[in-house]
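Protein chains in written order, with numbering that gives the first Met the number 0: chain A, 0 to 405; chain B, 0 to 405.
Even for Gly, the Cβ is constructed at its ideal location relative to N, Cα and C.
Note that the coordinates shown come from a computational prediction; the quantities given were computed from them, not determined experimentally.
There are 2 protein chains.
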Amino acid sequence: MARIVMKFGGTSVGDCDRIKNVARRVKDEVDRGNEVAVVVSAMSGVTNQLVDYCRQIAPLHDAREYDTVVSTGEQVTIGLLAIALQEIGVQARSWMGWQIPIRSDGAHGKARIETIDTSELEKRMASGQVAVVAGFQGIGPDNRVTTLGRGGSDTSAVALAAAMKADRCDIYTDVDGVYTTDPRIVAKARKLDKITYEEMLELASLGAKVLQTRSVEMAMKHRVRVQVLSSFVDAPGTLVCDEDEIVEKELVSGIAYSRDEAKITLVRVADRPGVAAAIFGPLADANVNVDMIVQNVSEDGKSTDLTFTVGKADLDRGVKVLTEKKGELGYERLVPDSNVVKISVIGVGMRSHAGVAQKMFSTLAEKGINIQVISTSEIKVSVLVAEEYTELALRALHSAYGLDAQ
Amino acid sequence: MARIVMKFGGTSVGDCDRIKNVARRVKDEVDRGNEVAVVVSAMSGVTNQLVDYCRQIAPLHDAREYDTVVSTGEQVTIGLLAIALQEIGVQARSWMGWQIPIRSDGAHGKARIETIDTSELEKRMASGQVAVVAGFQGIGPDNRVTTLGRGGSDTSAVALAAAMKADRCDIYTDVDGVYTTDPRIVAKARKLDKITYEEMLELASLGAKVLQTRSVEMAMKHRVRVQVLSSFVDAPGTLVCDEDEIVEKELVSGIAYSRDEAKITLVRVADRPGVAAAIFGPLADANVNVDMIVQNVSEDGKSTDLTFTVGKADLDRGVKVLTEKKGELGYERLVPDSNVVKISVIGVGMRSHAGVAQKMFSTLAEKGINIQVISTSEIKVSVLVAEEYTELALRALHSAYGLDAQ
């Protein structure tokens with residue numbers, strides 16, 4: 000007997016037939032003799048509709064009332080799924096955040112879970128009752144409903160799994176697992192059986208939108224084994240787990256890409272102490288996040304070129320801020336470029352193996368792809384290249400690291 | 000300064016623009032210096048959609064889960080109305096049943112309110128904050144959300160007004176008050192300024208579907224002054240109040256009709272003790288409610304004719320039950336008739352004035368309308384006539400009792 004938390008997203012519970020399908024998946028798990036808690040999102044489209052209502056009434060609105068409104072989507076799903084389970088002979092009851100309770104901080108609209116009292120749930124699960132839990136919601140210190148921010152149901156599921164020391168947290172979604180890269184671009188992409196938390200975190204934040212970043216961080220912190228799998232196909236997915244659990248480690252596990260970045264180059268910035276602070280301070284004040292940064296060596300000892308990337312959505316704002324400060328910063332020219340893509344090679348294996356970055360650079364060079372910016376961390380190497388090379392670069396790197404499916 | 004509970008139904012909060020309109024109505028009341036609590040229903044159509052989801056999943060479903068699902072409609076509206084109020088500078092916050100709390104019994108789907116702790120609400124209202132309260136819902140002894148049954152938001156409003164000893168409970172709806180009769184049939188129908196609880200109760204249960212019967216009973220019990228008025232027209236409505244508050248009492252206040260009844264006649268039933276019990280017992284067991292009953296005087300001392308009415312929706316079931324018992328009951332023939340209408344003349348004035356019933360009978364006789372069944376209570380006289388005479392009878396009676404508008 001194992002204790003399993005199952006999580007189903009909005010597409011998986013998109014209509015009554017799909018909710019019945021989810022009930023059957025849950026029944027399978029119960030029939031295997033497992034104790035089961037299920038976390039569900041709102042039916043697809045519902046949350047957007049509710050958010051739209053709030054905006055129609057007032058573009059800027061009280062986050063506490065917003066939470067009251069949007070948390071209803073999950074409340075509908077838990078009731079319906081409990082009914083669907085009972086209908087096929089599975090004992091079940093629904094739980095809202097305040098009923099369990101799932102206590103969060105008071106940051107309405109983007110609350111963080113603080114504690115979950117699972118004692119009542121565990122007692123009932125032990126007696127064979129499935130707990131159907133509303134994702135995305137908690138109760139704040141003021142006794143009002145909070146929501147965790149978009150995609151928060153993944154976090155709810157992992158937090159619940161951590162609190163009840165579940166053997167596994169299965170995240171059912173519309174893809175059947177985590178791939179070595181985007182299969183829509185690279186036909187030879189392979190589904191991974193296992194991946195480490197660290198790698199998943201890099202993949203999640205770099206554009207492989209399978210799991211919400213916060214949920215992976217939480218899984219890593221509490222060592223919750225998370226499986227990503229399809230709610231429509233009956234097959235094992237990808238297990239996100241501790242490095243120790245992966246016997247044969249790949250040098251590189253996956254190749255991610257992000258088209259959400261844009262590049263800004265400041266030509267001939269004064270090369271003196273404090274200039275970086277003078278540039279990035281105002282950007283931070285304007286809520287523009289900066290990712291990769293490259294500063295060339297000064298040729299004349301007086302000025303240098305500075306290149307960095309920001310979110311594509313923040314590009315105009317970033318340019319505006321820096322243009323206003325031009326006199327103060329004393330650069331010659333500002334060159335924005337949104338036709339870029341960030342490509343990242345990820346793998347815990349590179350901690351102990353040299354040559355991973357070199358292979359990336361030489362592979363791209365062979366294809367005539369110019370690297371504009373490079374940044375590295377312990378388990379990843381990222382490069383910025385012209386957007387038009389996205390597909391070519393991904394396919395070449397996928398082959399070069401031996402990731403191609405047979 | 001007065002303390003007012005305002006209640007808006009589904010049509011009044013049917014979309015975002017209408018919710019903004021409601022906010023303006025509430026602001027007017029606040030601007031008059033009043034303490035205000037607002038009770039709202041779900042946006043029109045929403046509850047039906049949620050009920051339909053439950054039925055799609057399972058025709059017979061757990062009433063506790065049904066309540067979890069359908070109570071979300073009101074939760075959406077309170078959040079949106081609170082936002083709309085804040086947007087026009089009115090302090091407001093939303094309250095769900097469990098937050099106040101509004102404690103009910105555990106009869107999920109048709110719960111009865113037991114207690115409402117209004118202390119926190121009253122404190123905030125005194126400081127100028129409008130309480131926006133979800134109608135139709137409470138919290139049961141098992142700490143789960145309950146609903147009060149269809150139309151329960153009226154009851155929520157009256158119960159809240161009673162608990163906080165409000166000066167008035169204003170029920171905003173899509174009609175502008177209570178009329179002497181149905182204005183769609185009688186063009187000369189007049190809006191009443193005031194009506195007693197007792198009269199309203201007769202009107203409500205007889206087909207003038209303005210207020211839910213339970214809410215009127217509760218208003219009468221707790222002496223809550225209820226005003227029915229339009230959410231779209233800015234004009235006084237009809238005050239439902241104590242008899243003492245009505246200085247000039249009319250002999251007859253209104254004329255109601257109901258097409259929801261059907262007649263059953265049992266020809267030549269044995270005239271012996273216990274026969275009535277033998278007939279109405281099985282009907283009660285089959286959940287068929289019997290309304291009017293007439294038993295003719297026995298001609299031969301051995302058998303008699305018995306006529307009674309049941310809800311039109313129950314007619315087939317009633318006939319089936321009695322047909323199965325034919326041998327036992329020993330009647331000669333069963334004659335069902337669904338082409339009937341019940342017309343009722345209502346007025347507290349008839350307690351002290353004779354001749355009200357007589358005027359009804361003679362007026363109908365003048366028009367050649369045959370009366371099939373008669374029943375009377377302290378403040379009403381009801382007759383059953385052929386359905387085709389509905390309009391004729393209503394207009395004739397409306398004139399005869401001097402109710403026609405000038």
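Chain A within 8 angstroms of Asn-142 of chain B, Cβ atoms only: Nearest CB-CB separation between Asn-142 of chain B and chain A: below the 8 angstroms threshold.
Status (buried if at least 16 other CB within 10 Å, exposed otherwise) for Val-412 of chain A: Nothing about residue 412 of chain A can be reported from this structure: the residues present for chain A run from 0 to 405 only.
Residues of its chain near Arg-111 of chain B, where Cβ-Cβ distance is below 7 angstroms and the 5 sequence neighbours each way are ignored: Contacts found: Ser-103, Asp-104.
Of the listed residues B:Val-339, B:Lys-19, B:Ser-381, nearest to Lys-358 of chain B (C-alpha basis): When B:Val-339, B:Lys-19, B:Ser-381 are compared, the shortest CA-CA separation from Lys-358 of chain B is found for B:Ser-381.
Where the segment 176-201 of chain B meets chain A: residues whose CB sits under 8 angstroms from a CB there: Taking 8 angstroms as the Cβ-Cβ cut-off against chain A, none of the residues of the segment 176-201 of chain B qualify.
Distance, Gly-354 of chain A Cα to Ser-398 of chain A Cα: Distance from the CA atom of Ser-398 of chain A to the CA atom of Gly-354 of chain A, rounded to whole angstroms, is 16 angstroms.
Sequence-distant residues of its chain with Cβ nearer than 8 angstroms to Leu-393 of chain A (five each side left out): Once the five neighbours on either side are set aside, the close Cβ partners of Leu-393 of chain A are Thr-180, Asp-181, Ile-184, Val-185, Ile-254, Tyr-256, Ile-342.
C-beta neighbour in chain A for Ser-93 of chain B, strict 8 angstroms: Taking 8 angstroms as the threshold, the shortest C-beta distance from Ser-93 of chain B to chain A falls below it.
Delimiting residues of the beta strand (DSSP E) encompassing Met-5 of chain A: From DSSP, the beta strand (DSSP E) with Met-5 of chain A extends over 2-7.
Proximal residues to Val-318 of chain B (C-beta, below 6 angstroms), its chain only, five neighbours per side dropped: Excluding positions up to five away in sequence, the list reads Pro-335.
Buried or exposed by the 16-neighbour rule on C-beta atoms within 10 Å, applied to Gly-401 of chain A: Exposed, by the Cβ-count rule.
Pair within 8 angstroms by beta-carbon distance, Val-309 of chain B and Glu-386 of chain B: In this structure, Glu-386 of chain B does not lie closer than 8 angstroms to Val-309 of chain B by Cβ.
Spatially closest choice to Tyr-330 of chain A from A:Ser-376, A:Ala-312, A:Leu-265, A:Gly-346, by CA coordinates: Shortest Cα-Cα distance from Tyr-330 of chain A to any of A:Ser-376, A:Ala-312, A:Leu-265, A:Gly-346 involves A:Leu-265.
Span separating the alpha-carbon of Pro-140 of chain A from that of Ile-194 of chain A: Cα to Cα, Pro-140 of chain A sits roughly 37 angstroms from Ile-194 of chain A.
Residues that Gln-85 of chain B contacts on chain A, provided the C-beta gap is smaller than 8 angstroms: Residues of chain A whose Cβ lies closer than 8 angstroms to the Cβ of Gln-85 of chain B are, in chain order, Ala-57, His-60, Asp-61, Glu-64.
Element boundaries [beta strand (DSSP E), containing Lys-193 of chain A]: Segment 193-195, the beta strand (DSSP E) holding Lys-193 of chain A.
Extent of the continuous alpha helix (DSSP H) to which Phe-360 of chain A belongs: Where Phe-360 of chain A is concerned, the enclosing alpha helix (DSSP H) stretches over 355-365.
Whole-angstrom distance between Arg-63 of chain B and Val-347 of chain B, CA atom to CA atom: A direct Cα-to-Cα measurement between Val-347 of chain B and Arg-63 of chain B gives close to 41 angstroms.
First and last residue of the uninterrupted beta strand (DSSP E) at Glu-260 of chain B: Note, Glu-260 of chain B: beta strand (DSSP E), 260-269.
Members of the segment 32-59 of chain A near chain B, C-beta cut-off 7 angstroms: Flagged, chain order: Leu-49, Tyr-52, Cys-53, Gln-55, Ile-56, Ala-57.
Three-way DSSP call (helix, strand, coil) for Gly-151 of chain A in this model: For Gly-151 of chain A, the secondary structure class from DSSP, reduced to helix, strand or coil, is helix.
The segment 156-175 of chain A contacting the segment 226-245 of chain A, beta-carbon criterion three pairs below 8 angstroms: In this structure the segment 156-175 of chain A lies against the segment 226-245 of chain A, because at least three pairs of beta carbons, one per stretch, are closer than 8 angstroms.
Within-8 angstroms CB hit, Ile-245 of chain A to chain B: So, not an interface residue.
Whole-angstrom distance between Ile-138 of chain B and Trp-94 of chain B, CA atom to CA atom: A direct Cα-to-Cα measurement between Trp-94 of chain B and Ile-138 of chain B gives close to 12 angstroms.
Cβ neighbours of Lys-324 of chain B in the same chain (closer than 7 angstroms, five flanking residues each side left out): The beta carbon of Lys-324 of chain B sits closer than 7 angstroms to those of Pro-281, all from its chain and outside the five residues before and after it, given in chain order.
Beta-carbon separation (whole angstroms), Ala-234 of chain A vs Val-215 of chain A, contact threshold 8 angstroms: Going by Cβ atoms, the distance from Ala-234 of chain A to Val-215 of chain A rounds to 22 angstroms, so no, they are not a contact pair.
N-terminal and C-terminal residue of the alpha helix (DSSP H) that Gln-226 of chain B is part of: Under the DSSP assignment, Gln-226 of chain B falls outside any alpha helix (DSSP H), being part of the beta strand (DSSP E) whose first and last residues are 225-229.
Beta carbon proximity, Thr-117 of chain A to chain B, threshold 8 angstroms: Cβ-Cβ to chain B under 8 angstroms: no for Thr-117 of chain A.
Below-8 angstroms beta-carbon distance, Lys-19 of chain A vs any chain B residue: Interface residue, yes.
Pair within 8 angstroms by beta-carbon distance, Gly-72 of chain A and Val-45 of chain A: Between Gly-72 of chain A and Val-45 of chain A, the CB-CB gap stays under 8 angstroms.
For Gln-74 of chain B, three-class secondary structure by DSSP: For Gln-74 of chain B, the three-state secondary structure derived from DSSP is helix.
Residue environment, Ala-91 of chain A, which counts as buried when at least 16 other CB atoms sit within 10 Å: That one is buried.
Chain B residues whose Cβ lies nearer than 8 angstroms to that of Ala-160 of chain A: Within chain B, not a single residue places a beta-carbon under 8 angstroms from that of Ala-160 of chain A; the smallest gap is close to 23 angstroms.
Backbone secondary structure at Arg-92 of chain A - three-state DSSP: If DSSP states are grouped into helix, strand and coil, Arg-92 of chain A belongs with the strands.
Chain A contact residues for Leu-79 of chain B, given Cβ-Cβ distances below 8 angstroms: Within 8 angstroms Cβ-Cβ: Tyr-52, Cys-53, Ile-56, Glu-64, Val-68.
Residue of A:Ile-245, A:Asp-192, A:Ala-156, A:Glu-249 minimising C-alpha distance to Met-217 of chain A: The option with the nearest alpha carbon to Met-217 of chain A is A:Ala-156.
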